[in-house]
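Heads up, the thing below is written out as structure tokens.
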Amino acid sequence: MAIRYDIDLRKKIIFMGAYGAISVQDLAVALADIEQQTDVTTKMTLVLDLREIKRAFIVREMDRLIDLLAKEAERFVGNYAFIVSVDT
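When you read off a place in the sequence shown, starting at 1, and then add 9, the result is the number in the working numbering.
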């Protein structure tokens, strides 16, 4: 599992890339780490690149992902963009 992120404070964008076999819990841990960054402000845009993950999420995981983004990350993320492959 590998999740990397970069924060562009000027544009208020968080770029997050996920590689290999990841779970929604892995994304939750990464988002919690991002939230702890002192420069992260409210209502940033999260760009989540999932093109390099090894498997798609199952339905139960999608429900958890939606819950994670809609409830837990809403404290600092206002907009989302997802980049996915056809396989994902």
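Backbone N, C-alpha and C fix where the C-beta goes; we use that ideal spot for every residue, glycine too.
Residues bridged to residue i (per DSSP)
i: GLU61; result: TYR28
i: MET71; result: DSSP, once it has assigned bridges, lists no residue as partnering MET71.
i: ILE22; result: ASP17 and THR54
Proximity below 8 Å, CB of residue i to CB of residue j
i: ASP58; j: GLY26; result: yes
i: ALA82; j: THR54; result: no
i: GLU70; j: SER32; result: yes
i: GLN46; j: ILE92; result: no
For residue i, the three-state DSSP class (helix, strand or coil)
i: VAL38; result: helix
i: ASP76; result: helix
i: VAL86; result: strand
Other residues of its chain near residue i: CB distance less than 6 Å, five sequence neighbours each side excluded
i: GLU61; result: TYR28
i: GLU44; result: PHE85
i: ALA11; result: TYR28 and GLY29
i: ALA37; result: LEU77
i: ASP107; result: Residue 107 cannot be examined here, being either before or after the span of the chain that is shown, 10 to 97.
Outcome for residue i when other beta-carbon atoms lying within 10 angstroms are tallied against a minimum of 16
i: LEU18; result: exposed
i: ALA41; result: exposed
i: ALA79; result: exposed
Cβ shell of residue i (< 7 Å), same chain only, five flanking positions each side left out
i: ILE22; result: MET53, THR54 and VAL56
Neighbourhood of residue i by C-beta, 8 Å cutoff - its chain only, sequence neighbours within 5 removed
i: LEU74; result: VAL33, LEU36 and PHE66
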